[in-house]
Amino acid sequence: MEETKKTIKTKKVDYLYAVGRRKSAIARVRLYLTEKGEIEVNGKRIEEYFPGALNKSLYLEPLRTCNVIGKYKINIVVDGSGKASQLEAVIHGLSRCLVKIDEERFRPILKKRGFLTRDPRSRERRNVGMGGKSRRKRQSPRR
């Protein structure tokens, strides 16, 4: 009887992965170490997905802070919530990826700028007996 050895193929990982969150938005960020170039969000260029100069300055800020603009190819999949929260989730995820590149160099800079802090504020749930989430409880007519 011949013994056959099973070979397990392992994929060589050439990217770093991190997750950024804000409200109900989740951004899954892949930072490719071997490639240079564009930032892509949900299959579109980031300039198309988050148009405008203000948005551009916001999403480039972590890269500018670490001085790595254009050094890596970044692919982001983001879903949930609105555009503003998605942008903040992208910034959070990007910053977490950059820390994985060089923790001792980038972590203090990004932490000081507040890019690594997960914003805990989210939508308040609808409460029973109230007229929604944040209205005062209705007064009972009987005493």
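For the sequence shown, position 92 matches number 88 in my numbering, and the numbering has no gaps at all.
Every residue gets a Cβ at the ideal spot worked out from N, C-alpha and C, and that includes glycine.
Where residue i and residue j are concerned, what is the direct C-alpha to C-alpha distance, given to the nearest angstrom?
i	j	result
K67	R60	11 Å
P137	G76	41 Å
R17	S91	12 Å
P104	T3	42 Å
N71	D98	19 Å
Taking only three categories from DSSP, how would you classify residue i?
i	result
Y45	helix
Y11	strand
R134	coil
I97	helix
K69	strand
I105	helix
K190	Outside the modelled stretch of the chain, which goes from -3 to 139, sits residue 190, for which no answer is possible.
Can you have a look at residue i and say buried or exposed, based on whether 16 or more other CB atoms are within 10 angstroms of its CB?
i	result
Q135	exposed
R141	A question about residue 141 goes unanswered here, because the residues of the chain that appear run from -3 up to 139.
> How do the segment 83 to 90 and the segment 44 to 60 stand: do at least 3 beta-carbon pairs fall below 8 Å, yes or no?
Replying inline: The answer is yes - the segment 44 to 60 touches the segment 83 to 90, with three or more Cβ pairs under 8 Å.
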